[in-house]
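Below is one structure; the comments refer to it alone.
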Amino acid sequence: MRCLFPAVVIVCVIAGASSAPAAMVIGGTQYVPVLPAPNESFTAPFQNPGGGGSAFSTATSQMYHGLVELAISGIGQSFSTAYNDAFYLFTYIWGGDSIPANGGLFGPYYQLAVDTQPIQGNILSPTPSSQLATSKIFYDIDANLEVAGRPYVPQYRADHTYSVVVDVGSNPNNLYFTVADGNYADDTGAYQIQVTQLSAATSSSAMPEPATLIIWSFLGVITVSCGLWRRARRMPSVTA
């Protein structure tokens with residue numbers, strides 16, 4: 032009998048392995064996380080902890096540049112009693128719309144703001160549009176879509192989680208996050224954000240997909256096992 036284990040295992044691994052996300056190709060270049068990647072996770076509250084009505088933004092502890100991946104979750108209240116996530120006032124339906132309203136319906140408000148400078152915003156001067164995340168998105172990871180123009184608003188997600196790639200400029204800087212608003216004194220809630228530095232893929236930085244690594248590992252082990260099994264079959268039996 033031939034050793035059929037490799038074929039059987041490969042089929043099982045392919046069927047059981049989770050598929051890796053498609054490569055992020057932006058401007059004709061594939062981007063991957065830097066290895067080892069500057070990355071961190073933190074909470075960015077909506078309200079100024081000092082109790083003031085002006086913006087208070089949470090800064091990253093590490094510096095980032097160029098294209099950066101953001102994984103965002105969390106909700107809060109920055110527009111009266113309505114709840115918003117990173118891009119939508121999801122308990123506020125405007126007019127005859129059937130989906131939640133983007134915070135930009137009312138100007139540069141009620142959505143995620145990110146910049147290399149502290150986020151601005153007070154009653155007399157709301158958050159500048161240039162500090163909105165929608166003005167910096169170059170790739171929508173959830174939709175596997177390269178973004179052609181900005182501002183760009185990702186499709187509404189009922190679980191309020193969004194994964195996007197933003198361009199934060201060529202110079203390394205700390206990044207600042209909060210909700211865009213004009214009066215922060217009555218805000219509640221927070222965003223949970225994971226930040227990961229990306230770079231153009233090279234032969235050293237591009238990693239094989241997890242399923243590919245598993246298949247290679249199984250092939251190596253099973254090939255050796257089959258070789259030993261065949262060798263054992265060829266060996267003459269020893270009788271007393």
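The numbering of the sequence shown is my numbering, which starts it at 32 and goes up by one.
The beta carbon of each residue, even a glycine, is placed where N, CA and C say it ideally should be.
For clarity, every value in this text was computed on a predicted model and none was experimentally measured.
Using the rule of at least 16 other Cβ atoms within 10 Å of the residue's Cβ for burial, across every protein chain shown, is Asp-190 buried or exposed? exposed
Is DSSP giving Phe-137 helix, strand or coil here? helix
When you compare the CB positions of Phe-73 and Pro-80, do they come within less than 8 Å of one another, or not? no
Buried versus exposed, by CB contacts within 10 Å (16 or more), Gly-152: buried
With 16 as the cutoff for other CB atoms within 10 Å, does Pro-139 come out buried or exposed? buried
For Gln-108, the three-state DSSP class (helix, strand or coil): strand
Under DSSP, the beta strand (DSSP E) around Val-195 begins and ends at which residues? 193 to 198
Short Cβ contact (8 Å threshold) for Phe-110 with Tyr-123: yes
State the Cα-Cα distance for the pair Tyr-207 and Pro-76, rounded to the nearest angstrom. 12 Å
When the Cα atoms are used, what is the spatial distance from Lys-167 to Ile-154? 24 Å
Looking only at its own chain, which residues have a Cβ that is under 7 Å from the Cβ of Gln-93, when we skip the five neighbours before and after it? Pro-69 and Glu-71
At which residues does the beta strand (DSSP E) containing Gln-61 begin and terminate? 60 to 64
Could you pull out every residue in the same chain whose Cβ sits closer than 6 Å to the Cβ of Asp-173, ignoring the five residues on either side in sequence? Ser-194
Which ranges would you report for the alpha helix (DSSP H) in the segment 156 to 214 if only whole runs of at least 4 residues count? none
Exposed or buried, which one is Thr-60 when buried takes at least 16 other CB atoms within 10 Å? exposed
On a CA-only basis, which of Gly-220, Gln-228 and Ala-232 is nearest Ala-113? Give me that one, please. Gly-220
Once DSSP output is grouped into helix, strand and coil, what is the label at Thr-89? strand
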